[in-house]
Amino acid sequence: MAPNLTERRLFILKLVVQEFIETANPVASEALVRKFGLGFSSATVRNDLAALEELGYLTHLHTSAGRVPTDAGYRFFVENLMERTSLSLVEQRMIRHQFYQVRGELDQWIQLAGAVLARTAQNASLVTPPRAEQLRFKNLELISIHETMVLAVMVFHSGIIKQQTFGLDGVRTSEDLRRCAGRMSEALADLTLSGVEELLAQDAVRPHPTFGEFERVVIGLVTHAMQAFEEQAREHIYSDGLLEMLSQPEFIPALARDDAERAVERLRRALDILKSGRGLGQLIPQALASEGVQVIIGGEHSEDEMREYSVVLARYGVGGAVTGVLGVIGPTRMAYPRSISTVRYISSLMSNLLSELYAGESRPPVEE
Numbered sequence: 003m004a005p006n007l008t009e010r011r012l013f014i015l016k017l018v019v020q021e022f023i024e025t026a027n028p029v030a031s032e033a034l035v036r037k038f039g040l041g042f043s044s045a046t047v048r049n050d051l052a053a054l055e056e057l058g059y060l061t062h063l064h065t066s067a068g069r070v071p072t073d074a075g076y077r078f079f080v081e082n083l084m085e086r087t088s089l090s091l092v093e094q095r096m097i098r099h100q101f102y103q104v105r106g107e108l109d110q111w112i113q114l115a116g117a118v119l120a121r122t123a124q125n126a127s128l129v130t131p132p133r134a135e136q137l138r139f140k141n142l143e144l145i146s147i148h149e150t151m152v153l154a155v156m157v158f159h160s161g162i163i164k165q166q167t168f169g170l171d172g173v174r175t176s177e178d179l180r181r182c183a184g185r186m187s188e189a190l191a192d193l194t195l196s197g198v199e200e201l202l203a204q205d206a207v208r209p210h211p212t213f214g215e216f217e218r219v220v221i222g223l224v225t226h227a228m229q230a231f232e233e234q235a236r237e238h239i240y241s242d243g244l245l246e247m248l249s250q251p252e253f254i255p256a257l258a259r260d261d262a263e264r265a266v267e268r269l270r271r272a273l274d275i276l277k278s279g280r281g282l283g284q285l286i287p288q289a290l291a292s293e294g295v296q297v298i299i300g301g302e303h304s305e306d307e308m309r310e311y312s313v314v315l316a317r318y319g320v321g322g323a324v325t326g327v328l329g330v331i332g333p334t335r336m337a338y339p340r341s342i343s344t345v346r347y348i349s350s351l352m353s354n355l356l357s358e359l360y361a362g363e364s365r366p367p368v369e370e
């Protein structure tokens, strides 16, 4: 922690972030002293605000006398100053009741999770359907449909089946195809995409490769099918809460802190993100591989179109079986304590529901 970050300055930074999140207006020293009855003068607060700006936690907007948090300021707040809160027991029970009314209906759970996240966090939500943590190969069947045309039926664990036709350089008998399918099924059994790719790479550098040209074509079809599944899973994002997010001051030209043209551009970009999932897809694998709630703030995003937004994500599901991701997205001026507690609770609730659905386990009610 920086030596200039005294206890008083930490307290003032916390107040500025909380006040700006609540009001969407730059925060001035006089307003802080007046509202919170601080035991020191406005001049002292102004000096502390200036020091916090030099440290990169606050900044000015245009010529305003007030300060607003930077992305670094929000990050420091989330990691060091924010009080961990929980949804009230009344809210938890009401939400849980909504889910149990559609007990066993996975599609409705996903839609309900999106709606509850948006309404509770007052921002847009995103939910990916639960899927196998990693697609694993099960077996293969090769069926002759013409003298030089074959249908490959690829079966994966979790009941997923992919079919692909491909041509042959020469004639192969049904018995040849059956034997080849048996060898491939045995060689690839239970492998993930990375396992299949590694197997193929290792075989290619052997003095006497196990797989011939035909077998390598078949393995290529398997890897292509698994890659397509992974890409589709990343792109399948359900979103809700557009109206909740657009009700934020950042999207209302008359109230925006800058000109109407920029507010309209921000609105267009938000619509594009929620409609296409652009900028969100790459966050899903990160969240699937992480524990707990993940918070990505503004400039921490690698995609330019996401740098005015914060995203709060968490993984949900049944370990070793199926997992998905849910969360909220909104302007960087986000009510982080509320958003984080909402995402944490809904992910826990969805995990319990899926555990009962897939594993038949009964767990105690989720309460924070």
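Under this note's numbering, think of the first position of the sequence shown as 3, with each following residue one higher. Yeah, the Cβ is synthetic: ideal placement off N, Cα and C, and Gly gets one too.
Can you tell me whether DSSP reads residue i as helix, strand or coil?
{"i": "residue 367", "result": "Caution applies to residue 367, whose pLDDT of 42 falls short of 50 and renders its modelled position unreliable; the value that the coordinates give is listed next. Correct three-state label for residue 367: coil."}
{"i": "residue 71", "result": "strand"}
{"i": "residue 317", "result": "strand"}
{"i": "residue 18", "result": "helix"}
{"i": "residue 153", "result": "strand"}
Tell me which residues share the same chain as residue i and place their Cβ nearer than 7 Å to its Cβ, disregarding the 5 neighbours each side in the sequence.
{"i": "residue 101", "result": "111, 114, 351 and 355"}
{"i": "residue 244", "result": "126 and 276"}
{"i": "residue 69", "result": "18, 28, 29, 51, 55, 60, 61 and 62"}
{"i": "residue 92", "result": "none"}
With which residues is residue i paired in a DSSP beta bridge?
{"i": "residue 283", "result": "Paired residue(s): none; residue 283 is not in a bridge."}
{"i": "residue 49", "result": "In the DSSP output, where bridge partners are listed per residue, residue 49 has none listed."}
{"i": "residue 240", "result": "129"}
{"i": "residue 296", "result": "315"}
{"i": "residue 39", "result": "For residue 39, which the question treats as bridged, DSSP gives no partner whatsoever."}
{"i": "residue 143", "result": "155"}
Can you tell me the Cα-Cα spacing of residue i and residue j, whole angstroms?
{"i": "residue 13", "j": "residue 81", "result": "14 Å"}
{"i": "residue 312", "j": "residue 338", "result": "9 Å"}
{"i": "residue 20", "j": "residue 315", "result": "21 Å"}
{"i": "residue 182", "j": "residue 172", "result": "15 Å"}
{"i": "residue 226", "j": "residue 198", "result": "11 Å"}
{"i": "residue 149", "j": "residue 294", "result": "54 Å"}
{"i": "residue 103", "j": "residue 97", "result": "10 Å"}
{"i": "residue 83", "j": "residue 7", "result": "12 Å"}
{"i": "residue 222", "j": "residue 185", "result": "15 Å"}
{"i": "residue 246", "j": "residue 229", "result": "35 Å"}
{"i": "residue 168", "j": "residue 154", "result": "8 Å"}
{"i": "residue 287", "j": "residue 353", "result": "18 Å"}
{"i": "residue 146", "j": "residue 291", "result": "40 Å"}
{"i": "residue 139", "j": "residue 164", "result": "11 Å"}
Less than 8 Å between the CB atoms is what I'm expecting for residue i and residue j, so what's the real figure, rounded?
{"i": "residue 252", "j": "residue 335", "result": "7 Å"}
{"i": "residue 71", "j": "residue 38", "result": "About 17 Å separates the two Cβ atoms, so there is no contact after all."}
{"i": "residue 195", "j": "residue 162", "result": "That belief does not hold up - the Cβ atoms of residue 195 and residue 162 are roughly 13 Å apart, past 8 Å."}
Identify, in the order they occur along the chain, each residue of the same chain with its Cβ nearer than 8 Å to the Cβ of residue i, setting aside the five sequence neighbours on each side.
{"i": "residue 280", "result": "274, 305 and 307"}
{"i": "residue 89", "result": "97, 122, 343, 344, 347 and 370"}
Within its chain, find whatever has a CB closer than 6 Å to the CB of residue i; leave out the 5 residues flanking it on each side and keep chain order.
{"i": "residue 107", "result": "none"}
{"i": "residue 296", "result": "289 and 315"}
{"i": "residue 129", "result": "112, 115, 116, 240 and 328"}
{"i": "residue 301", "result": "73 and 309"}
{"i": "residue 141", "result": "157 and 187"}
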